[in-house]
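Visitor: The numbering of the sequence shown is full-length UniProt numbering, which starts it at 1 and goes up by one. My questions will all concern the structure given below.
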Amino acid sequence: MSTDIADPARPSAAPAAGGGPRAPKRAPNRLLLGAAGVAGFLLLWEAVPRLGIIPGRFLPPASEVLLTLGERVLLPEFWIAVWDTLVAWGLGLAIAFAAAVVLGFVVGAVPALRRFTSSTVEFLRPIPSVALIPLAILLYGTDLASTLMLVIYAAFWQIYIQVLYGVGDIDPVAEQTARSYGLGRFARLRYVAWPSALPYLLTGLRLGASVALILAVTGQLIIGTPGLGEQIAVAQASGATALVYALIIATGALGVAVNVGLRALERRALRWHVSVRGEEIA
1 MSTDIADPAR PSAAPAAGGG PRAPKRAPNR LLLGAAGVAG FLLLWEAVPR
51 LGIIPGRFLP PASEVLLTLG ERVLLPEFWI AVWDTLVAWG LGLAIAFAAA
101 VVLGFVVGAV PALRRFTSST VEFLRPIPSV ALIPLAILLY GTDLASTLML
151 VIYAAFWQIY IQVLYGVGDI DPVAEQTARS YGLGRFARLR YVAWPSALPY
201 LLTGLRLGAS VALILAVTGQ LIIGTPGLGE QIAVAQASGA TALVYALIIA
251 TGALGVAVNV GLRALERRAL RWHVSVRGEE IA
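Here you go:
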């Protein structure tokens, strides 16, 4: 197995210089800085077409795009498209998560099985999901299953590889201690393997969720299944440039909401973990 995925579950914490504990410095207001960054970006966006640097027919001013987005969110068709996108994303991610967790624990717990499947995993994992679009259309046409195929394939590897790392990172002392106390296979899975793999699993879930959303929109954009991607393709074909940008912003906002939600879930599920405690102290 390749080791190009960094271990996100062990943040380093350097001791304070001088030997004694220090009070943590007050961090800048991230929300305020983020809002200032967004405002600066919008001002730049507004100025570029107004000054003629890029023609308005290719890049409408930010005010026009935001006005178009505001008009769009009042239409029921927009929210139906958002719902269709969330269904494709959520269903595909759930299937990928369940398959990756089961296979990851089974394969990771058996070293011989992990070595036996490593070459197959290294062959299949780098295949871009978009390369499967012709196959998906051939098998399922423009049905929802076509987009689900892409979402599941892309999200599965993100979660599966992390689960393998998590199962492989079990402390052998903890494993031997559990055996010496007479814990059975399922008890060791619950009290030793699961806590060890959980930080990796949640990281894989967060990464897989982002990739799943990308592939859901991509499938709708290219295959034509209902959702925000399909609406972007229709707007582009009809020459509604401002609407194209407005829908792209909507998909970006959806991605931010997904990431924020999963980060909150990660912090809640890992309150006991050193990485989350370190974030709270910092």
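The beta-carbon is built from N, C-alpha and C at its ideal position, and this holds for glycine as well.
Roughly how many whole angstroms lie between the Cα atoms of residue 263 and residue 257?
Guide: 10 Å
Visitor: Please state whether the Cβ-Cβ distance between residue 135 and residue 92 is less than 7 Å.
Guide: no
Visitor: Helix, strand or coil, according to DSSP, for residue 240 in the structure here?
Guide: coil
Visitor: Sorted by chain position, which residues of the same chain lie with C-beta nearer than 8 Å to residue 124's C-beta, five sequence neighbours on each side aside?
Guide: 157
Visitor: Using only CA atoms, which one of 179, 215, 63 and 118 lies nearest to residue 131?
Guide: 215
Visitor: Return the chain-ordered list of same chain residues with a C-beta closer than 6 Å to the C-beta of residue 204, the five sequence neighbours on each side being excluded.
Guide: 158, 159 and 162
Visitor: Below 8 Å, can you find three or more Cβ-Cβ pairs linking the stretch 242-251 to the stretch 58-78?
Guide: yes
Visitor: So what's residue 219 in DSSP terms, helix, strand or just coil?
Guide: helix
Visitor: Assign residue 170 to one of three DSSP states: helix, strand, or coil.
Guide: coil
Visitor: Go ahead and label residue 206 buried or exposed: buried means 16 or more other beta carbons lie within 10 angstroms of its beta carbon, across all protein chains shown.
Guide: buried
Visitor: Quick check on DSSP: helix, strand or coil for residue 214?
Guide: helix
Visitor: Along the chain, where does the alpha helix (DSSP H) containing residue 355 start, and where does it finish?
Guide: Nothing can be reported for residue 355: it is not among the residues displayed for the chain, which extend from 1 to 282.
Visitor: State the Cα-Cα distance for the pair residue 137 and residue 64, rounded to the nearest angstrom.
Guide: Taking the straight line joining both Cα atoms gives about 36 Å.
Visitor: Under 8 Å Cβ to Cβ from residue 143, same chain only, skipping five residues before and after it: list those, please.
Guide: 225
Visitor: For residue 268, I'd like the list of residues in its chain whose CB is within less than 7 Å of its CB, leaving aside the five on either flank, ordered along the chain.
Guide: none
Visitor: Within 10 angstroms of its Cβ, does residue 176 collect 16 or more other Cβ (buried), or is it exposed?
Guide: exposed
Visitor: So, are the CB atoms of residue 188 and residue 178 less than 7 Å apart?
Guide: yes
Visitor: Please classify residue 104 as buried or exposed, where buried requires at least 16 neighbouring CB atoms within 10 angstroms.
Guide: buried
Visitor: Within 10 angstroms of its Cβ, does residue 98 collect 16 or more other Cβ (buried), or is it exposed?
Guide: exposed
Visitor: Could you check which residue in 57, 61 and 55 has the C-alpha nearest to that of residue 41?
Guide: 61
Visitor: Three-state secondary structure (DSSP) at residue 58?
Guide: Looking at residue 58 - three-state DSSP - the assignment turns out to be coil, as it is neither helix nor strand.
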